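Written out below as C-alpha cells is the structure these notes cover.
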Amino acid sequence: MNAVEFEHVSKTYAIYEKPSDRLVELVSLSRRPLHREFHALSDVTFSVGRGEVFCIVGENGSGKSTALQIMAGILQPASGSVRVAGRVAALLELGAGFNLEFSGRDNVLLNASIMGLSRRETDLRFPDIENFAEIGTFIDQPVKTYSSGMAVRLAFAVAINLDPEILIVDEALAVGDSYFRHRCMRKVQELRARGVTIVFVSHSAADIQAIGDRVLWLEHGRTMALGDAGEVLPQYLKAMAQKEGRYVPQAQPATTSLAGAQTPAPAARVAVEPVIILPHIDHRSGDGRAVILGIAILNEYEEPIHLMMPHTRIIVRISVQARDGIPQPVIGFVLRNHLGLDFSETTTAGERQDVQPLLAGETCTLDFHIDLPELYPGAFSFSPSIADGTAPESVVCDRVDNAITVQMGRGEGPVYGFVQFPCRIEITGATGETKHA
Numbered sequence: 000m001n002a003v004e005f006e007h008v009s010k011t012y013a014i015y016e017k018p019s020d021r022l023v024e025l026v027s028l029s030r031r032p033l034h035r036e037f038h039a040l041s042d043v044t045f046s047v048g049r050g051e052v053f054c055i056v057g058e059n060g061s062g063k064s065t066a067l068q069i070m071a072g073i074l075q076p077a078s079g080s081v082r083v084a085g086r087v088a089a090l091l092e093l094g095a096g097f098n099l100e101f102s103g104r105d106n107v108l109l110n111a112s113i114m115g116l117s118r119r120e121t122d123l124r125f126p127d128i129e130n131f132a133e134i135g136t137f138i139d140q141p142v143k144t145y146s147s148g149m150a151v152r153l154a155f156a157v158a159i160n161l162d163p164e165i166l167i168v169d170e171a172l173a174v175g176d177s178y179f180r181h182r183c184m185r186k187v188q189e190l191r192a193r194g195v196t197i198v199f200v201s202h203s204a205a206d207i208q209a210i211g212d213r214v215l216w217l218e219h220g221r222t223m224a225l226g227d228a229g230e231v232l233p234q235y236l237k238a239m240a241q242k243e244g245r246y247v248p249q250a251q252p253a254t255t256s257l258a259g260a261q262t263p264a265p266a267a268r269v270a271v272e273p274v275i276i277l278p279h280i281d282h283r284s285g286d287g288r289a290v291i292l293g294i295a296i297l298n299e300y301e302e303p304i305h306l307m308m309p310h311t312r313i314i315v316r317i318s319v320q321a322r323d324g325i326p327q328p329v330i331g332f333v334l335r336n337h338l339g340l341d342f343s344e345t346t347t348a349g350e351r352q353d354v355q356p357l358l359a360g361e362t363c364t365l366d367f368h369i370d371l372p373e374l375y376p377g378a379f380s381f382s383p384s385i386a387d388g389t390a391p392e393s394v395v396c397d398r399v400d401n402a403i404t405v406q407m408g409r410g411e412g413p414v415y416g417f418v419q420f421p422c423r424i425e426i427t428g429a430t431g432e433t434k435h436a
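Per numbering that gives the first Met the number 0, the sequence shown starts with residue 0, numbered consecutively.
Okay, here's the thing in C-alpha cells:
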C-alpha cells in the first residue's frame, strides 16, 4: 500500500464580497447565492510510495499548501478520497502547532503527546531535539518571544525527531539561514535513507533536484504534470521563464563576424537573430557607449534551456550594440552562485578571441560554447558585459548584474564542495607483500 493516495480530490472555498453576505445568504429565503466559488484543487489524483521523496511545485495560489493540509488531516476535501498510512509529522507553516504562550519545552511535550509518544519516550528524544534546534536558553521561554528562525528551528527539530513515517514540509525552511538549511537537507537525506516518506513543497528547484524522486506540478489547482523530477522540473522551469518574457526577433540581421580566430573557420551557418531580452536587471553600470541587448542560455541545438545538466554543452548567447565607436570590444560574462559570489568569468580577451571594432549603431551577437563540469545543484546567474580595451586599461561600457538565472541539475552522484573535477585514476604501483598464513 502507498503511503499517500489522492483520488479525484477537489477543494472549493466560498468567497464573499463582504462578511455580512455570509449571514444574509444563510438566513435568506432566496436561493440566489451571494458568493463565488474558488477551486483550490480540482480533480487531483496522485500517489506517494513508501520511502519516496515526493515534491510539489507551482506558483503561489496553485493549491500546493491546500494539498498538504488535506494530507495532514487539517482540511477535508470537498470531493474525492484521501488515504494516508503512517504517523505524520507536518511542518506546514511558521509556528504551526505551537502555543505561543507556552515555552518551547512545553510545546515539545505537547506535540509529542499529540503524536502518541509517552512522556518517557519524549524525554529520551528531548536532548536530540534541543541539540538540533540550537536555540539555547530560549527553549524555556515563551514561543511568542522567538524570532522566525528560532521558531522554524524548533518546529523542524520536533518534526524529525518524533520518528515520523511520513514527513510533510511546506516551504518552512525558506526562513532559515544557510547553515541551518544545510543541516536540514542533510537530515532529510538521512530520513530518506531510513525509508521515511517525504512530501516536500519548495520554490527552490535546486532542493527538488537534490532530493526529489517525483514531482507534481500544480497550476490553478489542476495537475499540469506528474512524473520523474528530471522530466517535470524542466517543464515547470520553462513555463515560468516564458511568463517572464520571450525572445523578440529584431528586423536587421546580426553582425557576427569575429576577427583573428585561432581555430579553423566553421562551415557557413545561418546568421542568428540578436537576443533582445534581459530577464532581470539587478544593477546596471558602465559609460553607456555600448549596451547589452540581451542574453540567452541555449543547448547545443540552440534551444533555450532552463535547467543545466552536468557534462553537457551549453551556449551563452550575448547580443550587444554600440552607441559610439568601440575600437576594441571585449565581451563576456560572470557566472555567480546562489550566494552572489563570482564563480567564474569568461571573456573574448581571456579566450584570445578578437572582436572587430564596432561602429556606432552596429550590433554584434556572440556564442560562448561551454562544456559544463559537474557542479553542485543550485541556481547560477549570468552577468553579461561589454568593455572597450583589455585590462588594466579597459573601460566598462555596460554590465548587467544577474541578467538571467538557470538551475544546475543533479548529476549521477553527490558533489562535495562546489565542483566535481573530471578525474581519471591510475594505479602505478603497490608496496608491501601479501602474507599467507
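Here a beta-carbon is modelled for each residue, glycine too, at the ideal position from N, C-alpha and C. It should be emphasised that the depicted structure is a prediction, and the values quoted were computed from it without experimental measurement.
Own chain, CB closer than 7 Å to Leu-33, minus 5 neighbours either side, in chain order: Tyr-15, Asp-20, Val-23, Glu-24
Beta bridge counterpart(s) of Asp-366 as assigned by DSSP: Arg-316
Met-308, DSSP secondary structure in three states: coil
Exposed unless 16 or more other CB atoms sit within 10 angstroms - verdict on Phe-420: exposed
Beta-carbon proximity check, Ala-88 vs Leu-153, cutoff 8 Å: no
Residue of Val-56, Leu-108, Ala-111, Phe-5 minimising C-alpha distance to Gly-79: Phe-5
Status (buried if at least 16 other CB within 10 Å, exposed otherwise) for Ala-66: buried
For Met-114, three-class secondary structure by DSSP: coil
Thr-222 and Val-47 closer than 8 Å at C-beta: no
Which of helix, strand or coil DSSP assigns to Glu-4: strand
Buried or exposed by the 16-neighbour rule on C-beta atoms within 10 Å, applied to Thr-364: buried
Start and end residues, alpha helix (DSSP H) containing Leu-277: Where Leu-277 is concerned, there is no enclosing alpha helix (DSSP H), given that its DSSP letter is neither H nor E.
Residue range of the beta strand (DSSP E) that includes Ser-284: 282–284
Thr-427 in three-state terms, based on DSSP: coil
Pairwise C-alpha distance: Phe-379 and Arg-335: 6 Å
Three-state secondary structure (DSSP) of Gln-249: For Gln-249, the predicted structure reports a pLDDT of 38, less than 50, and the residue's modelled location is therefore unreliable. A value from the coordinates is still provided. Reduced to three states, the DSSP call for Gln-249 is coil.
Euclidean distance between Cα positions of His-38 and Pro-76: 11 Å
Segments of 4+ residues assigned as alpha helix (DSSP H) that fall wholly inside the segment 151–232: 177–192, 204–210
Residues bridged to Asp-397 (per DSSP): Ile-385
Inter-stretch contact at 8 Å, needing at least 3 Cβ pairs: the segment 338–347 / the segment 301–313: no
The segment 187–195 contacting the segment 114–125, beta-carbon criterion three pairs below 8 Å: no
Range of the contiguous beta strand (DSSP E) that encloses Val-405: 403–407
Burial state of Gly-339 (16 or more Cβ within 10 Å): exposed
Cut-off 8 Å between Cβ atoms - residues of its own chain near Glu-129, not counting five sequence neighbours on either side: Ile-138, Ala-156
Within 8 Å, strictly: CB atoms of Pro-372 and Gln-208: no
DSSP-derived helix/strand/coil call for Lys-237: helix
DSSP state of Val-26 mapped onto helix, strand, coil: helix
Cut-off 8 Å between Cβ atoms - residues of its own chain near Pro-18, not counting five sequence neighbours on either side: none
Per DSSP, cross-strand counterpart(s) of Pro-328: Asp-387
Beta-carbon proximity list for Val-52, same chain, < 7 Å, skipping 5 on both sides: Arg-191, Ile-197, Phe-199, Ile-210, Gly-211, Asp-212
Status (buried if at least 16 other CB within 10 Å, exposed otherwise) for Ala-132: buried
Enclosing alpha helix (DSSP H) for Ser-78 [first to last residue]: Note, Ser-78: premise wrong, no alpha helix (DSSP H); beta strand (DSSP E) at 78–83.
Other residues of its chain near Val-43: CB distance less than 6 Å, five sequence neighbours each side excluded: Phe-5, Val-8, Thr-222
C-alpha distance - Ala-390 paired with Leu-357, whole-angstrom precision: 19 Å
Counted within 10 angstroms of its Cβ, other Cβ atoms place Ile-317 as buried (16 or more) or exposed: buried
Proximal residues to Ala-100 (C-beta, below 7 Å), its chain only, five neighbours per side dropped: Checking the displayed sequence, the identity of residue 100 turns out to be Glu instead of Ala. Taken in chain order, the residues that qualify are Pro-141, Lys-143.
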